[in-house]
Each structure stands twice: as C-alpha cells, then as structure tokens.
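Student: The structure follows.
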Amino acid sequence: MPPQTPAAATEKALSWLSPDFMSAVVGAPVRQVDANALGSGDNFASAMVRVRVTTDGGEDKRLIVKQLPTARVEDFFPIEKAFNQEGHVYADILPRMQGLLDAIGKGSPPLAPRMLHRAVDPDPLLIFEDVSVEGFRMAPRDQGLDEDHLRLVLRSLARWHAAGAVVLDERPELFEDTLRMVCAEHALLIDGMMVSIPLPNVRAARARGVLTNVVHPPKKQFRKKIRKNIKAK
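Sequential numbering of the sequence shown, starting at 1, is according to the numbering used here.
Given below as structure tokens:
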C-alpha cells in the first residue's frame, strides 16, 4: 500500500475536523477550520497536520493533529499500541509532572505542548496546542543545537526527570506499560514513540527506506538494572 502523502493526510483530517468537532476541542464556537499537513521531515512514524480554527468571535487558534502513521510503516511496526501509550503519557503523567513543578515555582516553563483532545476509537488521534506560535522551533535534524540551546535542553531534561521520579514514586502503576516497552528486548524509539519489534523487521524497513531515524534504548545490562530498581520500589 502506498504511503500517506501530505495531501492525503490533510484531506483525511478535514473529513472529520468539522467546526462542531473543533468547537468541543477548543471550548468555543468555531466557524472555520483550515488544515495543512506537515512535511515528511517533521515526522517519521505519524501523519501530522497543522490546523487553524477561527472562532465565532474572530479569534485564531493553532493546533497540531497527530494521526496514525502511513500504511507502509504499519506493515513493520505495531505503531497503534505505542501511539495510544503516547496519549496516556500526555493525559495521565505529564499533567502530574507539570503540577509538581508549578507548585514549586509559579511560571514554570511547560514540559511539553498541552494535549487538548485524545481519541482511541475508531481512529486514534491526538490534538495538541501548536507552540510554534509562541516562538518554539524544531532545530534542523542535520545541524543539531548550539551550546546555548543544549544548555536549555539539559535544564529541561533535569526538570523532566526530577518531576518524573516523584510521580513514579507516588503513582508507579501509571508507568507500567511504558516501562515494559522501554525494557523490551527489541525496543526502539521511533518519532517519540517506544515500540518493541523483531530485528528482522527493522532490517526490512530500513531496506525499503521506511526507517530512517531511530534511537536505540539502553543496552541489556541497563534494562536489567531498570527492572531491578522498579521492583525495589
């Protein structure tokens, strides 16, 4: 089956992104919805669409809609499970982490874009606020970051891990599925989603040009250490 093109992703999104639906998402009457798919360089394992909604009061709101990936990716990877797990993290874990940081210091920078809507059936999708309107940008993948931005990333990661450790200690059951994926024998991080797949599938996907950018999780000895530490809690 051919991959989903940006035009196809936009057409699919517009087929159900009605003013009535988006009114429920943004919490205000919507009179117009416009959508444009993000380029293939902005995502590897999902179909993402940038949406602008105009309310009856004339206010513009910018959103990002993330849909299930192209058909050719799904041929190799169980993406839907990881996609739903990503929604769980944004809905159930990140708000608790952000709440801890906000309690320590008012005006704490957000850990991630806010998720406004999540659907599982019949077609999984996630809708986020579009933080590009606030000046946030993705660094070019082939250039990396300069020192100033690397320092910002490290500070953000420190806040992320500190808040995450507290939530893990208080609500370990929220992390069970995520940790299971991280500790899987054949786990890979693809487009921000952790999936467990056999290595032959990885090789086949790379051979067909489907898999171009992945991050491998910790090696076996570190996965064992993670399991041991979680059990100790």
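Even for Gly, the Cβ is constructed at its ideal location relative to N, Cα and C. Please read these numbers as outputs of a predicted model, since none were measured by experiment.
1. Should residue 125 be labelled buried (16 or more other beta-carbon atoms within 10 Å of its own) or exposed?
2. Taking the alpha-carbon positions, what's the residue 152 to residue 159 distance?
3. Just to confirm before moving on: does the CB-CB distance between residue 129 and residue 110 stay below 7 Å?
4. By alpha-carbon positions, which one of 38, 46, 59 and 83 ends up nearest to residue 32?
5. Hey, could you find the ends of the alpha helix (DSSP H) residue 96 is sitting in?
6. Pick helix, strand or coil for residue 85, following the three-state DSSP scheme.
7. Determine the burial state of residue 15: buried for a count of at least 16 other Cβ atoms within 10 Å of its Cβ, exposed for fewer.
8. Hey, could you find the ends of the beta strand (DSSP E) residue 34 is sitting in?
9. Give the straight-line distance between the Cα atoms of residue 136 and residue 149, rounded to the nearest whole angstrom.
10. What separation, rounded to the nearest whole angstrom, lies between the Cα atoms of residue 162 and residue 87?
11. When DSSP labels each residue in this structure, what does residue 157 get in the three-state scheme?
12. Are the CB atoms of residue 51 and residue 38 nearer to each other than 7 Å?
13. Which residues share a DSSP beta bridge with residue 143?
14. Taking only the alpha-carbon atoms, compute the straight-line gap between residue 127 and residue 26 and give it to the nearest angstrom.
15. Have a look at residue 139 and residue 146 and give me their C-alpha separation to the nearest angstrom.
16. Taking C-alpha atoms, which residue in 17, 19, 166 and 123 lies nearest to residue 96?
17. If you follow the beta strand (DSSP E) that residue 128 is part of, which residue opens it and which one closes it?
18. If you reduce the DSSP assignment to three classes, tell me which class residue 56 lands in.
Tutor: In short:
1. buried
2. 11 Å
3. no
4. 59
5. 94-104
6. helix
7. exposed
8. 30-37
9. 12 Å
10. 21 Å
11. helix
12. no
13. DSSP lists no partner for residue 143.
14. 10 Å
15. 10 Å
16. 166
17. 125-129
18. coil
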